[in-house]
């Protein structure tokens, strides 16, 4: 049989790609969008074939192969290399002490880079799947999957051609015997002794646990982004957030520091925050997409975060020993997405009630079981290995990385009771189609609150953005969970008046937000009293001045012991001069229990507003029609107008 060198192997792949429909080629481009995006866009099918079989792309794609697929690829590559080396032997090995050029010339010789076509029957025989049965069926399905993904190509005579660098890439991995089916992630009591464990049925369902986790996640992300909008976070010169910034944001979000690091990285990956360079350094703050995000229903808010988690090149809650925990650092762990998929796929086969509890953090390797005994943790990792052989136990700190990944999945509502939740199954099937399961999981936002006589307002669920902003401006958030409670006080109402609300419009807005259409009498009295005392004095931006029509109040301020630092002195029966700037004077007066208002030099009241920082909106995402437009162009087919526009945007 004639040898096919690397060029002829690419010819076989190119012919295979040319036989596809535009939709089939677009599906391949979509599946491999991430590794292909690291190279220039191909302008012809030959260029796409070279991109698929380049070492960099191949190195990324094999991580996402399951056990039968990578076994078929490795067996084909091994047989191909053996035959190429036998039919066209390379030069003799260099003598000991040879220079670098001689060593590399031998390493890159034809025998190491050539691809010899292999009969599929020879591959099946090498895997022990020559006879009909489950193994043969699994091997044939794996080979067709390799064809679909462009990791192997059928030659015209029916033989198989694989990338010339596949032998070097897979030779170092011991893949073990060929397994047609994934191992059980839980011990099988009928066949193998298992470690004793208490089988207590869970009191809640995975759906209930997922709903509670999703509700908590939505509230936590909301608070985190609001804190960043008020005060952007400064990054260290060496990159990443400082520990003090993580502590501040964790306190504002009501989350642990590892959970906060996870959410920061997810919001960055989802383009809800961005890193912006300023004169004082690099800061992290919300983008313009955050404002649109606030107007979405709860499920639509969480969908981009969960999709970002599935493809994140990092395990944010995991910090290797000796390193400082940080966030907002571009991840370089290309094995993390495959590890997540493997663990979720393994959990997907665990029946309810049979799942094992997660190992606690910080993770410690469980003791080795006695001979003939199995542990649920080892069984889970063994099952995950089948789904992604190169991404789980083949990597350093395998158990530690897997434990942190599963804890992240639990916090995100994807796993509970040692198995997948319905939301986790939806993410495993397609990370881009989460809107429907999330809409079923989270109830719609509430537009009204229940105002009570004890000066509290209760929202029995998640408040809409407008209701949340209204209540937050005039009341203090007191508690949250299944219901959110705010409490009205003189100070909180004065805060709303300071921010520009008028007493009459504030009452009208709260009445419209009331579920009963009325406000309790105590709240009405509170609004009336706060409005009566608000603005009885004015702070002028001179150096500065305080004025009030109440002469007795002016005398009281001048004699107040807590205001001595302001250096107040009367220049008229209704005017005091302060030695401190307007902002400091306002803070001192309010700390002493008064309710001043800021006045401009024209005599009009100045509205004090909290800063709302935004970063420049990120670049537009890739047009979903771009892969199909590129497929038409590569195949030489005419494109529709919409596809032509997408091709121009690529």
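Residue numbers (the numbering used here): 260 to 909.
The beta-carbon is built from N, C-alpha and C at its ideal position, and this holds for glycine as well.
| Asked | Found |
| --- | --- |
| State the CB to CB distance for the pair residue 281 and residue 755, rounded to an integer number of angstroms; the pair is presumed to be in contact (CB under 8 Å). | Residue 281 to residue 755, Cβ: 58 Å. No contact. |
| Which runs of the alpha helix (DSSP H) at least 4 residues long sit entirely within the segment 816-865? Give them in chain order. | 841-850 |
| Just to confirm my understanding: we take residue 765, look at its own chain, exclude 5 residues before and 5 after, and list those with CB closer than 7 Å. What are they? | 733, 755 and 786 |
| Starting from the C-beta of residue 301, find all residues in its chain whose C-beta is less than 7 Å away, skip the five residues before and the five after it, and write them out in chain order. | 307, 310 and 893 |
| From residue 546 to residue 533, what does the alpha carbon distance come to, in whole angstroms? | 6 Å |
| What span of residues does the alpha helix (DSSP H) with residue 886 cover, start to end? | 885-894 |
| Can residue 389 and residue 378 be called in contact, C-beta distance under 9 Å? | no |
| So residue 399 is in the beta strand (DSSP E); what residue range does that whole segment cover? | Counting along the chain, residue 399 falls outside any beta strand (DSSP E), though it belongs to the alpha helix (DSSP H) covering 393-408. |
| Contact between the segment 505-522 and the segment 480-495: three or more CB pairs below 8 Å? | yes |
| Give the straight-line distance between the Cα atoms of residue 762 and residue 862, rounded to the nearest whole angstrom. | 20 Å |
| Grab me the residues of residue 646's own chain with a C-beta within less than 7 Å of its C-beta, minus the 5 sequence neighbours each way, in chain order. | 325, 441, 600, 601, 604 and 605 |
| Per the contact definition of three or more C-beta pairs closer than 8 Å, is the segment 804-817 in contact with the segment 731-749? | no |
| The beta strand (DSSP E) that contains residue 664, what's its start and end? | No beta strand (DSSP E) contains residue 664, which is instead part of the alpha helix (DSSP H) from 657-670. |
| Would you report the Cα separation of residue 418 and residue 376, rounded to the nearest angstrom? | 6 Å |
| Which partner residues of residue 540 appear in the DSSP bridge assignment? | 537 |
| Determine which residues share a DSSP beta bridge with residue 803 and list them. | According to DSSP, residue 803 bridges with nothing at all. |
| Residues in its own chain within less than 6 Å of residue 736 by CB, not counting five upstream and five downstream? | 745 |
| Can you list the alpha helix (DSSP H) stretches of 4 or more residues lying completely in the segment 561-614, in chain order? | 595-606 |
| Is it true that the CB of residue 683 sits closer than 9 Å to the CB of residue 469? | yes |
| Roughly how many whole angstroms lie between the Cα atoms of residue 527 and residue 479? | 15 Å |
| Could you check whether residue 408 and residue 322 sit closer than 9 Å to each other, using their CB atoms as the reference points? | no |
| Excluding the 5 residues preceding and the 5 following residue 679 in the sequence, name in chain order all residues of the same chain whose CB lies nearer than 8 Å to its CB. | 465, 603, 606, 607, 609, 673 and 687 |
| Taking only the alpha-carbon atoms, compute the straight-line gap between residue 555 and residue 821 and give it to the nearest angstrom. | 47 Å |
| Over the uninterrupted beta strand (DSSP E) stretch that includes residue 715, give me the two end residues. | 715-718 |
| On the premise that residue 382 lies in contact with residue 316, defined as a C-beta separation below 8 Å, what is that separation, rounded to the nearest angstrom? | With a Cβ gap of about 22 Å, residue 316 and residue 382 do not count as contacting. |
| Residue 445 by DSSP, collapsed to three states: which one? | coil |
| Report the CB separation of residue 566 from residue 691 in whole angstroms; it is logged as a contact under 8 Å. | 6 Å |
| Using 8 Å as the cut-off, can you tell me whether the segment 566-582 makes contact with the segment 486-506, which would need three or more C-beta pairs spanning the two stretches below that distance? | no |
| What are the partner residues of residue 678, as DSSP defines its beta bridges? | 675 |
| Quick one, which of 852, 643 and 675 has its alpha-carbon nearest residue 660's? | 643 |
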